[in-house]
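Enquirer: This is the structure I want to talk about, given as structure tokens.
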Amino acid sequence: HIASRPLDRRRPLWELWIVEGLENGHIALVSKIHHALMDGVSGAEVMGRLFDLEPLAPHCESVSTARSTEPVPTSLELLAAAAGSLAIGPLRLARTVLETGRSLLPLIGSGTEAGDGERAAVMPFTAPRTTFTSTISAERTVAFGKADLADVRTIKTAFAATVNDVVLAACAGALRRYLIERRELPDKPLIATVPVSMDRSRARREQCNNVSAMFVGLPVNVPDPVIRLMHIMRSSRKAKLLHGAMGENVLNDWAQVTPGAIFPQAACLFSRMRLADHLPPLHNLIISNVPGPPIALYAGGARVLATYPLGPVFDGAGVNITVLSYQDSVDLGVIACPDAVPDPWIIARGFGESIAELKRIADLELESTENVRALRFETSVPGECGRF
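So the sequence shown is residues 1279 to 1666, counted in the numbering used here.
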């Protein structure tokens, strides 16, 4: 299985597989790239460069073979760079601690209630324990789904939500279906880590990904789909306020001041000791919503029919749901450890079913609104004046 194969560290950390023999003569292009190289938005931008905008691509007269890569640094240059980093490390750490403390100070003491009387933003390590939050293996299983972008926009308009709110609500509905079938429905909301794309100019300038994250509650314990959406809208708003108060680069700043060797060693220790099975869950899963190209793309003259994104999974977060818009649809990719989620197709199908359910209610809501507006117009104009 392609998703279960680790990338070869002896080579550049990306792969492109061509899968033939699919139904109706279709061909799949499966790309894998390490998250250290780019984030989801950067991946969508690269996708636009890999494909053509028309069936007959412009002919390239010549291709330059000149390499513009930087030369390999010498041992002396590496030593000098390391010495400089060590010299400014304490100052950078002190500044990061000071700025983080200053941003968190207004939030301390707020308890579980926000200033406007609503519940405050959800916090990490408060997630309910599910099979998602267990230690994962190297095996992966995937599933795909699709929904109409027009339906998502209709729901967005009817309930004054955002596209991201609607996507999260559909994911919550799909996860609720899955957990009910598995008899694991918790009595409180799941916590989803939602990546937030930051300054794109900085990412291009530093040739890296630039992603932060926020925590959003998914009320899978609420049966009514509209109430679930309302809860998610409030939770997202609180998460954005908290994220803005802390600063968009706080995670990147802490990553800069933490010695690089600590992360892989800590991750190996965490996995080897199966700490995800014993410690309070940081979160339940990762859900990412990435805007994709609104126009048709082509590869070698063939039209790209769908783009199914897949994200990373971790110990303690054994399932990842990623959504990418393409033309007039939203394409869904679910990847999971089979020990945590044996049948991800239940989640993939549930996403489309949740969108359809919300769309039916949204149509009634919009129809009701139009009827009220028409009634107000008729009663506000005397006689026949103003009627058409």
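Heads up, the beta-carbon is just placed ideally off N, CA and C, and yes, glycines get one too. Here the structure is a predicted model, which means the values were calculated and not measured.
1. Considering only their Cβ atoms, is the gap separating residue 1412 from residue 1614 smaller than 8 Å?
2. By how many angstroms is the C-alpha of residue 1330 removed from the C-alpha of residue 1449?
3. Given a threshold of 16 other Cβ atoms within 10 Å of its Cβ, counted over all protein chains shown, does residue 1436 qualify as buried or as exposed?
4. Which residue comes first and which comes last in the alpha helix (DSSP H) that contains residue 1444?
5. Can you check which of these residues, 1636, 1594, 1624 and 1646, is closest to residue 1403 by C-alpha distance?
6. Which residues mark the beginning and the end of the beta strand (DSSP E) in which residue 1424 is found?
7. Is the Cβ-Cβ distance between residue 1588 and residue 1322 less than 8 Å?
8. If you follow the beta strand (DSSP E) that residue 1560 is in, where does it begin and where does it stop?
9. Need the endpoints of the beta strand (DSSP E) that residue 1598 sits in, please.
10. Is residue 1431 helix, strand or coil by DSSP?
11. Roughly how many angstroms separate the alpha carbons of residue 1305 and residue 1356, rounded to a whole number?
12. If we count the other Cβ atoms within 10 Å of its Cβ and call it buried at 16 or more, is residue 1597 buried or exposed?
13. Strictly by DSSP, which residues pair up with residue 1471?
14. Taking a contact to mean a Cβ-Cβ separation below 8 Å, would you say residue 1328 touches residue 1314 in this structure?
15. Would a C-beta distance cut-off of 8 Å place residue 1500 and residue 1464 closer than the cut-off?
16. Using the Cα positions of residue 1257 and residue 1447, report the straight-line distance between them to the nearest angstrom.
17. So residue 1517 packs on residue 1492, CB below 8 Å; how close in whole Å?
18. Would a C-beta distance cut-off of 8 Å place residue 1564 and residue 1470 closer than the cut-off?
19. Tell me whether residue 1607 sits in a helix, a strand or coil according to DSSP, three-state version.
20. Tell me the DSSP bridge mates of residue 1311?
21. Going by beta carbon distance, what residues of the same chain come within less than 8 Å of residue 1312, once the five residues before and after it are set aside?
22. Take residue 1410 and list the residues in its own chain whose beta-carbon comes closer than 6 Å to its own, dropping the five residues that flank it on each side.
23. Can you list, in chain order, the residues of its chain whose CB lies under 8 Å from that of residue 1418, leaving out five sequence neighbours each side?
24. For residue 1421, tell me which candidate among 1350, 1408, 1577 and 1625 has the shortest Cα-Cα distance.
25. In whole angstroms, what separates the C-alpha of residue 1393 from that of residue 1519?
26. Whose C-beta lies closer than 6 Å to the C-beta of residue 1521 among residues of the same chain, with five residues either side of it excluded?
27. Counting only the same chain and skipping the five closest in sequence on each side, list residues whose C-beta sits under 8 Å from that of residue 1432.
28. Apply the 10 Å Cβ neighbour rule to residue 1647 and answer buried if 16 or more other Cβ atoms are within range, or exposed otherwise.
29. Kindly indicate which three-state DSSP category residue 1283 falls into: helix, strand or coil?
30. If you drop the 5 nearest sequence neighbours on each side, which residues of the same chain put their C-beta closer than 8 Å to that of residue 1301?
Expert: Let me lay it out:
1. For the purposes of this step, residue 1614 is taken as residue 336 along the sequence shown, with counting starting at 1. For the purposes of this step, residue 1412 is taken as residue 134 along the sequence shown, with counting starting at 1. At least 8 Å separates the beta-carbon of residue 1614 from that of residue 1412.
2. Residue mapping note: residue 1449 aligns to position 171 of the sequence shown, counting from 1. Residue mapping note: residue 1330 aligns to position 52 of the sequence shown, counting from 1. Near 31 Å, if we compare the C-alpha coordinates of residue 1330 and residue 1449.
3. Translated into positions along the sequence shown, residue 1436 becomes position 158. By the neighbour-count rule (16 or more Cβ atoms within 10 Å), residue 1436 is buried.
4. Counting from 1 along the sequence shown, the entry for residue 1444 is found at position 166. Counting along the chain, the alpha helix (DSSP H) containing residue 1444 begins and ends at 1441–1459.
5. Along the sequence shown, read from residue 1 onward, the residue named residue 1403 stands at position 125. Ranking the options by Cα distance to residue 1403, first place goes to 1594.
6. The residue labelled residue 1424 in the question sits at position 146 within the sequence shown. 1419–1426 is the extent of the beta strand (DSSP E) around residue 1424.
7. Taking the sequence shown and counting its residues from 1, the one referred to as residue 1588 is at position 310. Taking the sequence shown and counting its residues from 1, the one referred to as residue 1322 is at position 44. It is not a contact, given that the beta carbons lie outside the stated cut-off.
8. For the purposes of this step, residue 1560 is identified with residue 282 of the sequence shown, where counting begins at 1. Residue 1560 -> no beta strand (DSSP E), and no H or E assigned at all.
9. As a working mapping, residue 1598 is identified with position 320 in the sequence shown. That run of the beta strand (DSSP E) goes 1597–1604.
10. Taking the sequence shown and counting its residues from 1, one reaches residue 1431 at position 153. It is helical.
11. Here residue 1305 refers to the residue found at position 27 when the sequence shown is read from its first residue. Here residue 1356 refers to the residue found at position 78 when the sequence shown is read from its first residue. Their Cα atoms are separated by approximately 45 Å.
12. On the sequence shown, position 319 is the one that residue 1597 refers to. The residue is buried, with at least 16 neighbouring Cβ atoms inside 10 Å.
13. In the sequence shown, counting from the first residue as 1, residue 1471 sits at position 193. Per DSSP, 1493 and 1564.
14. Locating residue 1328 in the sequence shown gives position 50, counting from the first residue. Locating residue 1314 in the sequence shown gives position 36, counting from the first residue. Taking 8 Å as the Cβ cut-off, residue 1328 and residue 1314 do not qualify as a contacting pair.
15. Within the sequence shown, the letter at position 222 stands for residue 1500. Within the sequence shown, the letter at position 186 stands for residue 1464. Against a cut-off of 8 Å, the Cβ pair of residue 1464 and residue 1500 comes out as no contact.
16. Coverage of the chain is limited to positions 1279 through 1666, which leaves residue 1257 absent and any answer about it impossible.
17. Counting from 1 along the sequence shown, the entry for residue 1517 is found at position 239. Counting from 1 along the sequence shown, the entry for residue 1492 is found at position 214. Yes, they are in contact, since the Cβ atoms of residue 1517 and residue 1492 sit about 4 Å apart, within 8 Å.
18. The residue given as residue 1564 occupies position 286 in the sequence shown. The residue given as residue 1470 occupies position 192 in the sequence shown. Against a cut-off of 8 Å, the Cβ pair of residue 1470 and residue 1564 comes out as a contact.
19. Locating residue 1607 in the sequence shown gives position 329, counting from the first residue. In this structure, residue 1607 counts as strand in the three-state DSSP scheme.
20. In the sequence shown, residue 1311 corresponds to position 33, counting from 1. According to DSSP, which records beta bridges pairwise, residue 1311 is partnered with 1292.
21. Taking the sequence shown and counting its residues from 1, one reaches residue 1312 at position 34. Taken in chain order, the residues that qualify are 1285, 1291 and 1292.
22. Against the sequence shown, residue 1410 aligns to sequence position 132. So the qualifying residues of the chain are 1562, 1563, 1596, 1597 and 1618.
23. The count along the sequence shown starts at 1 and reaches residue 1418 at position 140. 1279, 1281, 1282, 1591, 1613, 1614, 1615 and 1616, listed in sequence order.
24. On the sequence shown, position 143 is the one that residue 1421 refers to. Of the listed residues, the one whose Cα sits closest to residue 1421 is 1625.
25. For the purposes of this step, residue 1393 is taken as residue 115 along the sequence shown, with counting starting at 1. For the purposes of this step, residue 1519 is taken as residue 241 along the sequence shown, with counting starting at 1. Its pLDDT being 43, under 50, residue 1393 is placed unreliably by the model, and nothing is read from it.
26. As a working mapping, residue 1521 is identified with position 243 in the sequence shown. If we look at residue 1521 and ignore the five residues flanking it on each side, its Cβ neighbours are 1492.
27. Translated into positions along the sequence shown, residue 1432 becomes position 154. These residues qualify, in order along the chain: 1637, 1640, 1641 and 1644.
28. Stepping through the sequence shown from its first residue, residue 1647 is reached at position 369. Burial call: exposed.
29. By one-based count along the sequence shown, residue 1283 stands at place 5. Correct three-state label for residue 1283: coil.
30. On the sequence shown, position 23 is the one that residue 1301 refers to. Nothing meets the Cβ criterion.
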